[in-house]
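Residue numbers (the numbering used here), protein chains in the order written: chain A, 89 to 342; chain B, 6 to 661.
Positions of the beta carbon are idealized from the N, C-alpha and C atoms, including for glycine.
Note that the structure is a prediction, hence the values are computed from the model and not measured.
Let me begin by presenting the structure, written as structure tokens, before commenting on it.
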Amino acid sequence: MTDAAPIKVRFRFTKLGKIRFTSHRDVARMWERALRRSLLPVALSQGFSPHPLLSFGLALPTGCESLGEYLDVRLEEASFDPSVIPELPELLSGLLPTGIDVQAAAVMSMAEGSLQQEVASCDWELEVLDVIGEELEARIERMLAAPTLTVARERKGRPTEDDIRPAILTLVPVRVDGSEQGEHPIGRIRASLATHPRGARPSDVLSALGTDVVLAKACRTHQWIERDGARFEPLSVSGLATDPIVEHAQGRAS
Amino acid sequence: METLWPKIERLLLDVTKPARYIGGEQGAQTPEHGPGKVAWLLVYPDTYEIGLPNQGLQILYEILNERPDAVAERSYAPWTDMEAAMRKAGIPLFSVDQHVAARDFDVIAFNLSAELVYTNVVNLIDLAEVPLHAVDRGPGDPLVMAGGHCAFNPEPLADFVDAFVLGDGEEVVSEINVALAEWLAQPVETRDRQELRLSLAGIEGVYVPALYESTYDESGRLVGTFPVVPSVPSEVAKRTVLDLADWPYPSHPLVPLTEVVHDRLNVEVFRGCTRGCRFCQAGMITRPVRERPAEQVKEMVRAGLEWSGHNEVTLTSLSTADFSGIENTVRDIIDDPVNGGRVSVSLPSLRVDAFTVATAAQIQKVRRTGLTFAPEGGTWRMRQVINKLITEEDLYGAVDSAFSQGWRRVKLYFLIGLPTERDEDVLGIAELGRRCVEIGRKYTKAITVTASVGGFVPKPHTPFQWFGQDTVAELERKVVLLREAAKTTKGLTIRWHDPSASAAEGLASRGDRRMGAVVERVWQAGGTFQEWSERFDLRLWEAALEAEGLSFDEVAYRDRGEHEPLPWDHISAGLHRDFLWGDWTDALAEAGVEDCRWTPCYDCGACTGLGLEHVVASPIPPAGGSQGTGQGLELGGRIPVRLMGTADRARAESTA
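Below, the structure written as structure tokens:
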């Protein structure tokens, strides 16, 4: 921690298009460079090797898109003018690569918990190749009816087996006109997956759906904080469409 | 111009590090192709993370894209998993900028920074769906070019490359573009590739191997490589940019989206080196020294940091601590308020002296973890042979200074397999390491010394080009000897390069035109990415050599005589053959020579004919002597170095 009192600014941003193939760490480095270029007074850690105090939310798997990623940045209060906050999304979007658009920025209370702890679940839109229609519906039904769903995963470099059934909050097939045709028809699924205590990732859902299922695309559409029985986004964006599918289509068109 | 992106993106969920294939870096360009524009695909024949930072490629990328009659995009060697997926899906080599097929470019130009990438070059030509051999290409096929340090012995790739560029590329690339534009303006059916060859060969610094023929005597030894048409020179000379100040490139360096090597700003402070280390090809072929004005260096650092958001800059050259006034330049960069007071500067090559360590201490206020020195030879005798005149006092002084100022790790670079080497020279490495550990222990127990040992490979256009390199077995014996000797010293670690990779590198470095068939066979047997230890396989090279009736003994392990024709005799780096031979005999006599920036000219040939001398910013030789050799250069200035003229200075100031 630095001596001057820091303030916490939360950013919400997208990760869409080609940039989805960069990793969580890559995105962290992009932000570090963009913030340096923005000349915002980012607070630095103390110690031998000072680094900027950035705190990212749950890692987005490489290859997945997102409509709502979050980042908390500590800024030095003494040299930061909070009235510039409304200008920050545009400023930072200009300094970040195509596909990373900063949608919102807001000062958060320092008492607010970290994104890692607070986000309880994420909504996903998944696209799979060749498994469509009734076949897809039947497989999803079987999955949801199963008392346990054991998938092979890796934890700390070691292979383990986990039951992901408790982490699957909802799993719904979605029919979209036209997508189920062509050489490789696409089946769509909307999923809500818990993050704690053992969260599930899109790849886990895919392995539970069947070994023949190929993921074409995955997009994290929402992240949710749950408090006192209500759920809300870490930072909402005014004017966003409520239907994630519609919203997603718009995002990719840009 | 069709983009392959929709096909490519389908592969990317299943390959490692997919960000290598997406482009979109800051500084990446998406130029519009079209008639009247020569389309260049600049290819680095190794992985993206190795190739992206390459400055030569970035410089040409900018220069070409600034021309109204050229477009340039980039490509890198896809890793084996991606290549397999591409071949399976029928996707050819593509540019990362706009994902255009390599065949849709007019020129595919390779950067040759290391010899072991040759099999990758062949693989990438094949992946580009271009006929592998230059002789089989027609009027509609792209031109395959190559440049970079390895082009100074172009023969091992002569079968595959239409034209090589020797030396600095900044000027010649535009001349080539003009020649190509003219040829491409003709309808495909009337284009004559021989006409293009002749036109390119007329450009200084361009070597067109199809216009030359190698002949051999009955015993299979090379007689020479001679022109087959009268209009081309019997010796092709390299290009030299006279004034780096004219070329402040890259001006918008690429900022990668994913992890790469050297992920920081790089600013080249000078080109060439006159230190005269006899094993160093780069130091020989890039002469003379041409410094960038200090003001321009500072301006490029300032602009580059602002552009990239990096907080670290490397001042690059072959021996940056020898840049005139380096201390002031570094201090100015660190103190420049525009740089935010948070920039760290790194010098890639430290001189071995306490004085340099003091400079390093000044610039590495934080993260004072490791310092690297390169004594290269284990004994004073050995260092005289290779002309790296560092005394033990210099080294111990530097190491003492480093440990006393808080560094905990010291890394020392050495070569083994050097000419005249005896076991005592190899054992000297362990002894130097032991003494360094001892010095460190005076300050704290928690220090380590690493001696990193490479097998020496003699390179063309150096005084050691006549030397028969050590066999794999001999290098292995020396590594064992060294490891045994170092065993008893706690805190001393010996690291070494695979001796068998040095053998293969020797083939590719000094082979003649017949080596092309060997490279092709190794590629056919699956031998790509031979620079990567997990992929390198000596057996592929042994089998290929045998199939072609060649041997390691003949190509790599044999000493050459003074008058024996060498495969690169028709290529000139400006160095006189009698200078190199004289330097070779001096080496055998254990006699060193001083840095010619500050002492009389040895007439190596590099300056002759160019009408210039070394361009330096200050007449005062560096304190402690060049490279910390303690050569007593207090008389510096008695020889005619060309000081930056008033015009240079005025320009430097105007760019400030």
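Requested in this report: State yes or no: is the C-beta of A24/B nearer than 7 angstroms to some heavy atom of the ligand SAM?
Outcome: Annotation note on the ligand SAM: not contained in the displayed structure, which lists no ligands.
Query - Partner residues on chain A for Q34/B, Cβ-Cβ distance less than 8 angstroms - result: Within 8 angstroms Cβ-Cβ: nothing; Q34/B doesn't reach chain A, min ~13 angstroms.
Report task. Check the Cβ-Cβ distances between S313/B and every residue of chain A, and say whether any is below 8 angstroms. Result -> Cβ-Cβ to chain A under 8 angstroms: yes for S313/B.
Query raised in the report: Leaving out five residues before and five after T8/B in sequence, what residues of the same chain have Cβ atoms less than 7 angstroms from its Cβ?
Result: In its chain, beyond the 5 residues on either side, Q103, H104, V105 have a beta carbon closer than 7 angstroms to the beta carbon of T8/B.
**Report entry** 8 angstroms contact criterion, which G579/B and A366/B should meet: CB distance rounded
**Finding:** Not confirmed; about 38 angstroms, so no contact.
Query - Residues near T334/B in its chain [Cβ-Cβ closer than 8 angstroms; skip 5 each side] - result: Apart from the 5 residues on each side of it in sequence, T334/B sits with its Cβ closer than 8 angstroms to the Cβ of V274, A299, V302, K303, L320, F328 in its chain, given in chain order.
**Report entry** chain A within 8 angstroms of N271/B, Cβ atoms only
**Finding:** Chain A places no beta carbon closer than 8 angstroms to that of N271/B, leaving this residue out of the contacts.
Query - Delimiting residues of the beta strand (DSSP E) encompassing A282/A - result: Per DSSP, A282/A belongs to the beta strand (DSSP E) from 274-282.
Query raised in the report: Which residue from A44/B, Q63/B, I13/B puts its Cα closest to that of A33/B?
Result: Considering only A44/B, Q63/B, I13/B, the residue with the shortest C-alpha distance to A33/B is Q63/B.
Query raised in the report: Can you tell me the Cα-Cα spacing of R15/B and Q535/B, whole angstroms?
Result: Rounded to whole angstroms, R15/B and Q535/B show a C-alpha spacing of 28 angstroms.
Query raised in the report: Alpha carbon to alpha carbon, how far is L423/B from L65/B?
Result: Between the alpha carbons of L423/B and L65/B lies a distance of about 36 angstroms.
Query raised in the report: Looking at C-beta atoms only, is the number of pairs between the region 413-429 of chain B and the region 384-395 of chain B that lie closer than 8 angstroms three or more?
Result: Pairwise C-beta distances place the region 413-429 of chain B in contact with the region 384-395 of chain B, as three or more of them are shorter than 8 angstroms.
**Report entry** Runs of alpha helix (DSSP H) wholly within the region 138-212 of chain A (minimum 4 residues, chain order)
**Finding:** Restricted to the region 138-212 of chain A, the alpha helix (DSSP H) segments that are unbroken, complete and at least 4 residues in length are 176-183, 203-206, listed in chain order.
Requested in this report: Please confirm if A24/B has its CB atom under 8 angstroms from at least one CB of chain A.
Outcome: At a cut-off of 8 angstroms, the C-beta of A24/B has a neighbouring C-beta in chain A.
Report task. Assuming L185/B contacts V237/B (C-beta within less than 8 angstroms), just tell me the rounded distance between them. Result -> About 18 angstroms separates the two Cβ atoms, so there is no contact after all.
Query raised in the report: Pairing CB atoms from the region 121-139 of chain A with CB atoms from the region 40-58 of chain B, are three or more of them under 8 angstroms?
Result: The region 121-139 of chain A vs the region 40-58 of chain B: no contact.
Report task. Let me know if S239/B comes out buried or exposed under the rule of 16 or more other beta-carbons within 10 Å of its beta-carbon. Result -> With fewer than 16 other Cβ atoms within 10 Å, it is exposed.
Requested in this report: Using only alpha-carbon positions, find the residue among Y607/B, E209/B, P214/B that is nearest to M150/B.
Outcome: When only C-alpha atoms are compared, the closest one is P214/B.
Query raised in the report: Can a CB atom of chain B be found closer than 8 angstroms to the CB of L148/A?
Result: L148/A has a beta carbon lying at 8 angstroms or more from every beta carbon in chain B.
Requested in this report: Using a Cβ cut-off of 7 angstroms, pull out every chain A residue sitting near I27/B, in sequence order please.
Outcome: Listed along chain A, the residues sitting closer than 7 angstroms to I27/B by beta-carbon distance are K106, F109.
Query raised in the report: Whose C-beta lies closer than 6 angstroms to the C-beta of N128/B among residues of the same chain, with five residues either side of it excluded?
Result: Taken in chain order, the residues that qualify are W528, T533.
Query raised in the report: For the alpha helix (DSSP H) that F557/B lies in, which residues bound it at each end?
Result: Judged by DSSP secondary structure, F557/B falls within the alpha helix (DSSP H) whose first and last residues are 557-560.
Query raised in the report: Along chain A, in chain order, which residues have C-beta atoms closer than 9 angstroms to that of N316/B?
Result: Within chain A, the residues near N316/B are E120, R121, R124.
Query raised in the report: Closer than 8 angstroms, CB to CB, is Q191/B near chain A or not?
Result: Judged by the 8 angstroms Cβ criterion, Q191/B is not in contact with chain A.
Query - D218/A: contacting residues in chain B (beta-carbon distance under 9 angstroms) - result: Result: empty, since nearest Cβ-Cβ is about 13 angstroms, beyond 9 angstroms.
Report task. Put G637/B into one of helix, strand or coil per three-state DSSP. Result -> Low per-residue confidence applies at G637/B: pLDDT is 39, beneath 50, and the placement is therefore not dependable, though the value from the model is reported in the following sentence. Coil, per DSSP.
Query raised in the report: Does the region 408-418 of chain B come close enough to the region 440-453 of chain B to have 3 or more Cβ pairs within less than 8 angstroms?
Result: Short answer: they touch.
Query raised in the report: When you compare only the Cα positions, how much space is there between F557/B and L550/B?
Result: Straight-line Cα distance between these residues: approximately 8 angstroms.
**Report entry** Entirely enclosed alpha helix (DSSP H) segments - the region 267-291 of chain B, minimum 4 residues
**Finding:** Look at the region 267-291 of chain B and you find these whole runs of alpha helix (DSSP H), each 4 residues long or longer: 286-290.
Query - Uninterrupted beta strand (DSSP E) stretches inside the region 478-534 of chain B (no shorter than 3 residues) - result: Entirely contained in the region 478-534 of chain B, the beta strand (DSSP E) runs reaching 3 residues are, in chain order, 497-501.
Query raised in the report: DSSP puts K96/A in a beta bridge; with which residues?
Result: Answer is R162/A, M196/A.
Query raised in the report: Do we get a CB-CB distance below 8 angstroms when we pair P185/A with the residues of chain B?
Result: Contact with chain B is found for P185/A, since one of that chain's Cβ atoms lies less than 8 angstroms from the residue's Cβ.
**Report entry** C-alpha distance - R602/B paired with E296/B, whole-angstrom precision
**Finding:** Distance between the alpha carbons of R602/B and E296/B is about 12 angstroms.
**Report entry** C441/B - containing alpha helix (DSSP H), residue span
**Finding:** 428-446 is the span of the alpha helix (DSSP H), which, as asked, contains C441/B.
Query raised in the report: Buried or exposed: which applies to M305/B, given that a residue is buried once 16 or more other Cβ atoms fall within 10 Å of its Cβ?
Result: Its Cβ being crowded by 16 or more others within 10 Å, M305/B is buried.
Report task. Could you please tell me which residues of the region 251-270 of chain B, in chain order, have their CB closer than 9 angstroms to any CB of chain A? Result -> Sequence-ordered contacts of the region 251-270 of chain B with chain A read V260, P261, L262, T263, E264, D268 [C-beta pairs closer than 9 angstroms].
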